[in-house]
Amino acid sequence: MKKVFILLVLLTGMAFTEANEPTWLMSVPTANVLPKNTLSAGIIYLDLSISEGLEIGAHGIKYQLSKDFQGGRLALGASFVFGLYPYAVWTKNLDFGELSIGVNPFPYFVFASIETKLSDTMRFIGEVHNGAAVGLRNNIAKGWWLDVGAGLTVYPYKNYMFYDFTNNDYFYYKFPTTFSPYIVISLCYNFDISPVAALPEIKPESKPLEDGPQPIDPVKR
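Residue numbers -1 to 219, in the numbering used here, belong to the letters of the sequence shown in order.
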C-alpha cells in the first residue's frame, strides 16, 4: 500500500504543503495574491496562482501591481461571480491588523475591510461594501480555513426609465431601498502544487569500455 501511494505522488508530480490564507475575505478582495503554484480549493473557493503575482479562479482574476505602493500592496482585478466587475484594491499591514481599501464601479464605488488577529488560529473580519458584514476566520487545521459571518446588503433606491409602446412614451419607476441579510460559511484548503524536485538518475556502476577486444580474466580454480 505504501508503494502504491508513493507511485501516485510521483505520477502526479505534485507536492502538497501548507500555503498562505485565502486572499479574499467574505465578500471583498485584498491586494494579496496566493504564492506561485498555490491552489485554494473548497466551498466557494477555487483559485490558483499561475505565476508570480497573478491569481485566477472562481473569484475572477487578480494581478498584484506592486508589493510596495504607499507603504502597502496594490492589485487590480475583475470579479466574475455576478458579472464582470473590475476593481482596484490597496492593502496595508497596520499595528491593529490588515486594512484594505478599494474601488469598483458598482454599487457604491468604494469598499473597505479590516482583518485583525484574535489568537494564533482566529481572526476577526469586518467589511463595508454594498452594506456591512462581520465574521471570523479560523485556521482549523494545517492549511484549512473556515470563515463564518453575517452581513446586511443595502441597495439604495434607483430611478429606471421604461418605454411604453402603447402610448409611445417614456415613464420612470423608482425602486425602494432594499435590505437583505445574509450568512457566510466558507471552507477552503490551501496547498502548494509545485512540481516535485527531479529524482536523481540511478544507473548501475560500470567501467568505461575501451575500443577493441578486452582481455578475459582467467578463472581461478
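Beta carbons: idealized from backbone N, C-alpha and C, even for Gly.
Since we're looking at a predicted model, the values are computed, not measured.
Asked: Three-way DSSP call (helix, strand, coil) for residue 69 in this model; Found: coil
Asked: Residue closest to residue 100, alpha-carbon to alpha-carbon, out of 118, 116, 119, 72; Found: 72
Asked: Where the beta strand (DSSP E) containing residue 109 begins and where it ends; Found: 108 to 115
Asked: Residue 146 - partner residues in DSSP beta bridges; Found: 134, 183
Asked: Rounded straight-line distance, which links the Cα of residue 83 to that of residue 134; Found: 26 Å
Asked: Beta-carbon proximity check, residue 108 vs residue 129, cutoff 7 Å; Found: no
Asked: Opposing strand residues paired with residue 76 [DSSP bridges]; Found: 59, 84
Asked: Coarse secondary structure for residue 49, derived from DSSP in three states; Found: strand
Asked: Outcome for residue 180 when other beta-carbon atoms lying within 10 angstroms are tallied against a minimum of 16; Found: exposed
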